[in-house]
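Enquirer: The listed protein sequences derive, respectively, from chains V and Z. Those letters in the first sequence? Residues 166 to 573, by the working numbering. Those letters in the second sequence? Residues 166 to 573, by the working numbering. Pasting a structure below so you can have a look.
Number of protein chains: 2
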Amino acid sequence: MGIIVQKYGGTSLAGSERIKKVASRIVTTKKQGHNVVAVVSAVGDTTDNLLKQAHEIAPAPPKRELDMLLATGEQIAISLLAIAISELGCEAISFTGAQVGIVTDTAYTKARIVSVRVQRVINEINKGKIVIVAGFQGATKNNDITTLGRGGSDMTAVALAAELNADICQIYTDVEGVYTADPRLEPKARKLEVVSYEEMLELAATGANVLQLRSVEYGRNHHVLIEVRSSFSDTPGTLIKEDVQVMEKAIISGVTCEKEEAKITIFGVPDRPGIAVKVFKALADEGVNVDMILQNVSDKGITDITFTAPRRDLPICRRVVDGVVDELKARGKSYDEEIAKVSLVGAGMKSHPGIAAHMFEILSDNGINIEMISTSSIKVSCVIREKDVVSAVQAIHRGFELDKEPIK
Amino acid sequence: MGIIVQKYGGTSLAGSERIKKVASRIVTTKKQGHNVVAVVSAVGDTTDNLLKQAHEIAPAPPKRELDMLLATGEQIAISLLAIAISELGCEAISFTGAQVGIVTDTAYTKARIVSVRVQRVINEINKGKIVIVAGFQGATKNNDITTLGRGGSDMTAVALAAELNADICQIYTDVEGVYTADPRLEPKARKLEVVSYEEMLELAATGANVLQLRSVEYGRNHHVLIEVRSSFSDTPGTLIKEDVQVMEKAIISGVTCEKEEAKITIFGVPDRPGIAVKVFKALADEGVNVDMILQNVSDKGITDITFTAPRRDLPICRRVVDGVVDELKARGKSYDEEIAKVSLVGAGMKSHPGIAAHMFEILSDNGINIEMISTSSIKVSCVIREKDVVSAVQAIHRGFELDKEPIK
């Protein structure tokens with residue numbers, strides 16, 4: 166009998182009625198002849214409320230204690246779900262991250278999984294039990310509780326699926342799957358049947374919020390078949406799997422956008438080795454994830470450096486950049502929070518030249534100015550004004566006819 | 166440098182401001198030159214809210230899962246308190262019951278401590294840290310989370326104090342100490358400076374809710390000096406310690422009452438061996454804590470059996486007694502929920518005859534009928550009508566002049 170790992174997000178579990186519905190879905194899966202391991206996030210807005218309480222007491226709480234606090238959110242969810250399953254007459258047993266053997270490093274609030282010991286899970290499965298696991302959390306070798314950062318429950322689910330050699334890892338969420346564009350921005354957006362890990366990585370990295378980036382990476386590295394689907398319907402979702410057959414299907418899988426970034430420019434920097442290192446090493450040391458970097462060609466030994474970073478990290482960026490500008494006697498700096506990034510992702514790009522050019526043409530035809538460009542083998546990203554983002558997504562979606570089923 | 170264990174109850178921690186006050190008290194103790202281990206209960210009404218959520222989903226949730234759920238209450242409290250202490254510039258580290266090595270049996274929702282492994286606590290104390298421990302909880306040898314039952318945080322505090330060989334175990338609560346009577350019933354009630362473990366055991370067993378019964382037993386067996394005191398003032402509380410000097414001080418330490426019991430009578434039972442066993446074995450198997458038992462002298466081989474038990478267990482008592490009555494063809498049964506028990510406790514009783522008689526006289530003089538009597542060497546308990554309980558407590562308090570300082 167195979168194992169199915171099902172992950173349920175916080176909105177799927179908000180309130181007793183929804184918890185009962187999830188319980189009933191799990192029991193149905195079990196009765197269809199599968200062993201089920203369910204990974205759950207904190208119920209509703211529990212995590213936000215806990216954070217608020219902590220910040221009422223201290224502006225910058227120690228991270229170890231914050232993890233101790235936040236981990237309770239999932240612990241409440243697993244016990245309530247196990248209770249709901251028992252009420253349906255099936256045996257269920259819940260485990261915290263620490264109990265289930267999710268061993269992490271000591272990077273509190275954004276710990277990384279170093280190993281997964283699933284013996285206890287296997288023992289309980291062999292007794293016929295449904296196993297409920299707290300997502301988003303683990304413990305260090307010292308048994309200190311850690312959390313895995315935003316979206317960490319996806320990571321827990323994929324890591325367990327890999328270690329348990331599960332048939333599939335189903336991510337239940339409040340959308341029906343992965344779309345060619347965010348349906349709130351482009352009503353004609355079409356649900357994808359299947360995308361490759363690489364495409365999903367680019368989609369997740371460029372703003373599609375359905376799946377945590379690290380969990381996709383982990384899934385790819387451990388060959389975990391992932392399905393993103395809705396916890397409010399029975400419609401099949403989107404499969405995320407190896408590249409092979411996908412290649413032949415669609416050239417483009419989707420258009421995404423990201424509005425949470427800021428653009429920072431340092432003007433008039435001496436163009437000599439070591440300058441970029443100075444800026445970006447300092448930012449990395451502060452934990453800032455720099456996204457796009459653009460350095461113009463040098464003019465008389467002087468150049469400009471532009472980069473984008475998460476908007477929430479702007480205070481750190483200012484501090485670092487102000488220091489660098491002073492130190493290098495650069496001509497100036499600018500901070501721009503009104504940008505957005507629009508990206509086109511598709512494995513087919515590799516073998517279809519001209520995709521990027523067509524994208525630029527569509528934006529230009531719609532009067533949208535491109536401020537920065539970044540490409541990978543399966544992605545083109547453009548930084549534009551934030552106000553243009555909806556029309557850009559719609560124009561690209563229309564221009565590439567993403568609402569139509571690809572020719573097979 | 167000695168160790169002080171301080172236990173803070175849920176009302177002491179209700180809200181950010183109170184948490185900060187407790188943090189400041191702990192830091193003050195630390196700065197006075199003590200190592201501090203703080204044991205905390207769940208904040209405010211967290212536990213009740215969690216229970217409510219569980220019962221919304223299932224009328225009788227599996228106990229293991231209930232403990233998984235309830236344990237989050239203390240985990241939230243320890244992390245918030247550790248955060249508040251850090252904000253005051255002291256290093257604090259929080260531990261769950263499982264992490265700190267409170268090993269229990271598998272009797273979920275009312276587990277008993279089987280061992281306490283304090284090495285991790287000692288390590289952190291040696292690093293100069295204030296250690297915050299989740300009360301009320303532990304883990305089985307299998308690392309399944311358990312809770313210790315009502316008042317279990319007192320138990321955690323006393324057990325840790327014993328194992329750490331602490332100088333004192335301070336129980337901070339919302340009253341100033343142990344009183345000669347419940348101050349809400351008898352305004353003239355006087356705070357006791359010191360009581361013996363034995364007296365405290367009887368006081369706790371007969372209705373004084375300041376300290377969990379099992380924790381007093383544990384304290385006595387492991388010679389832990391306990392102090393009950395208020396978390397809202399700096400007034401010294403009541404010391405609970407060995408009997409020695411206490412004996413000479415006061416004959417009576419206090420009068421208590423208990424209104425949560427019911428009286429059950431089985432009429433016309435054959436007076437032959439094995440009958441009492443039949444009734445009380447069945448009740449014990451159902452987990453009912455029978456308090457007083459009274460069997461009248463036999464009249465023509467027929468007798469009546471009366472006993473008291475917690476009122477909340479009345480449904481179980483009815484089921485058991487109805488069965489027994491049918492089986493033994495007893496004459497009848499009665500259930501009475503309108504009783505109360507009033508008790509007089511004092512180590513001096515041992516050497517002062519006539520205390521019980523004086524108590525009966527006081528009740529009689531005040532027109533209060535005694536329905537059952539039970540005595541130990543340091544306690545006299547009488548079952549009376551519930552409506553008479555306040556006047557009984559006041560009459561006894563007055564009659565024994567408990568408002569006056571004892572002659573030393």
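No residue lacks a Cβ here, since even glycine has one placed at the ideal position from N, Cα and C. Keep in mind the model is a prediction, meaning the values are calculated, not measured.
Starting from the N-terminal side, write out each stretch of the alpha helix (DSSP H) that is 4 residues or longer and does not extend beyond the region 369 to 434 of chain Z.
Expert: 378 to 386
Enquirer: For V/Met412, which residues of its own chain have a beta-carbon under 6 Å away from its beta-carbon, when the five flanking residues on both sides are left out?
Expert: Unreliable positioning characterises V/Met412 in this predicted model, as indicated by a pLDDT of 46, which lies under 50. The coordinate reading is nonetheless provided below. The answer, listed in chain order, is Ala512.
Enquirer: With a threshold of 7 Å on Cβ separation, who are the neighbours of V/Ser189 within its own chain once the five nearest residues in sequence on each side are excluded?
Expert: Leu253
Enquirer: Please list the terminal residues of the continuous alpha helix (DSSP H) segment that includes Z/Pro480.
Expert: Leu479 to Leu493
Enquirer: Since Z/Tyr273 contacts Z/Asp232 with CB under 8 Å, what's their CB separation in whole angstroms?
Expert: 5 Å
Enquirer: With V/Gly303 as the anchor, note down where its alpha helix (DSSP H) starts and where it stops.
Expert: For V/Gly303, no alpha helix (DSSP H) run applies; the uninterrupted beta strand (DSSP E) run containing it begins and ends at Gln302 to Ala304, by DSSP.
Enquirer: Would you say V/Ser579 reaches chain Z, if we count a Cβ-Cβ gap shorter than 8 Å as a contact?
Expert: It is not possible to answer for residue 579 of chain V, since the shown part of chain V is limited to 166 through 573.
Enquirer: Please check the pair Z/Thr269 and Z/Thr311, which I expect to be a contact at CB under 8 Å, by giving their CB distance rounded to whole angstroms.
Expert: 5 Å
Enquirer: From what residue to what residue does the alpha helix (DSSP H) around V/Thr212 run?
Expert: Thr211 to Ile222
Enquirer: In its own chain, which residues sit with a C-beta less than 8 Å from the C-beta of V/His523, not counting the 5 before and 5 after it?
Expert: Gly564 and Phe565
Enquirer: Specify, as a first and last residue, the run of the beta strand (DSSP E) that V/Thr471 falls within.
Expert: Ile467 to Pro475
Enquirer: With a threshold of 8 Å between beta-carbons, can V/Met412 be considered close to chain Z, or not?
Expert: Any reading at V/Met412 needs caution, since the residue's pLDDT is 46, under 50, leaving its predicted position unreliable; the model's value is listed next. So, not an interface residue.
Enquirer: Please give the ranges of any alpha helix (DSSP H) in the region 304 to 378 of chain Z, keeping only runs that are unbroken, at least 4 residues long and fully inside the region.
Expert: 317 to 329 and 362 to 370
Enquirer: Could you check where the beta strand (DSSP E) with Z/Lys186 kicks off and where it finishes?
Expert: Looking at the DSSP string, Z/Lys186 is not in any beta strand (DSSP E); the run it does join, the alpha helix (DSSP H), is Ser181 to Lys196.
Enquirer: Using the rule of at least 16 other Cβ atoms within 10 Å of the residue's Cβ for burial, across every protein chain shown, is Z/Thr305 buried or exposed?
Expert: buried
Enquirer: DSSP three-state call for V/Ala276: helix, strand or coil?
Expert: coil
Enquirer: Of all the alpha helix (DSSP H) runs that stay within the bounds of the region 233 to 289 of chain Z, which reach a length of 4 or more residues?
Expert: 262 to 265
Enquirer: Is the distance from the Cβ of Z/Ser280 to the Cβ of Z/Gly300 below 8 Å?
Expert: no
Enquirer: Could you tell me the boundaries of the beta strand (DSSP E) in which Z/Lys172 lies?
Expert: Ile168 to Tyr173
Enquirer: Taking all protein chains shown into account, decide if V/Asp464 is buried (16 or more other Cβ within 10 angstroms of its Cβ) or exposed.
Expert: exposed
Enquirer: Strictly under 8 Å for the Cβ-Cβ distance: is V/Asn291 near chain Z by that measure?
Expert: no
Enquirer: Short check: CB of Z/Thr430 to CB of Z/Val510, under 8 Å?
Expert: For Z/Thr430 and Z/Val510, no; Cβs fall outside 8 Å.
Enquirer: Of all the residues that make up the region 302 to 315 of chain V, which are near chain Z by a beta-carbon distance shorter than 7 Å?
Expert: If the cut-off is 7 Å between Cβ atoms, the region 302 to 315 of chain V has Asn308 near chain Z.
Enquirer: What is the residue span of the beta strand (DSSP E) that V/Lys446 lies within?
Expert: Counting along the chain, V/Lys446 falls outside any beta strand (DSSP E), though it belongs to the alpha helix (DSSP H) covering Ile440 to Asp450.
Enquirer: Going by DSSP in three states, Z/Met537 sits in which element: helix, strand or coil?
Expert: strand
Enquirer: Less than 8 Å between C-beta atoms, sequence neighbours within five positions excluded: which residues of the same chain meet that for V/Asp408?
Expert: Ser361, Tyr362, Glu363 and Ala512
Enquirer: Could you list which residues in chain Z have their beta carbon closer than 9 Å to that of V/Phe318, in chain order?
Expert: Note on residue identity: the sequence assigns Ser, not Phe, to residue 318 of chain V. Going along chain Z, no residue has its Cβ under 9 Å from V/Ser318, so there is no contact; the nearest lies around 17 Å.
Enquirer: Which chain V residues sit within Cβ distance under 7 Å of Z/Ser259?
Expert: Within chain V, the residues whose beta carbon sits less than 7 Å from that of Z/Ser259 are Glu230 and Met233, listed in sequence order.
Enquirer: Jot down the residue ranges of each uninterrupted alpha helix (DSSP H) in the region 499 to 566 of chain V, minimum 4 residues, whole runs only, in chain order.
Expert: With a minimum length of 4 residues, the continuous alpha helix (DSSP H) runs that stay inside the region 499 to 566 of chain V are 520 to 530 and 554 to 564.
Enquirer: Quick one: grab the DSSP three-state call for Z/Asn291.
Expert: helix
Enquirer: Excluding the 5 residues preceding and the 5 following Z/Gly314 in the sequence, name in chain order all residues of the same chain whose CB lies nearer than 7 Å to its CB.
Expert: Excluding sequence neighbours, Z/Gly314 sits near Thr274 and Lys275.
Enquirer: For Z/Asn534, count neighbouring C-beta atoms within 10 Å of its own C-beta (all shown protein chains included) and say buried if the count is 16 or more, exposed if not.
Expert: exposed
Enquirer: From which residue to which residue does the beta strand (DSSP E) around Z/Leu459 run?
Expert: Ile458 to Gln460 is the span of the beta strand (DSSP E), which, as asked, contains Z/Leu459.
Enquirer: Could you check where the beta strand (DSSP E) with Z/Val202 kicks off and where it finishes?
Expert: Asn200 to Val205
Enquirer: What is the rounded straight-line gap between the Cα of Z/Lys424 and the Cα of Z/Gly303?
Expert: 31 Å
Enquirer: Does chain V have any CB closer than 8 Å to the CB of Z/Pro227?
Expert: Answer yes: the Cβ-Cβ gap between Z/Pro227 and chain V drops below 8 Å somewhere.
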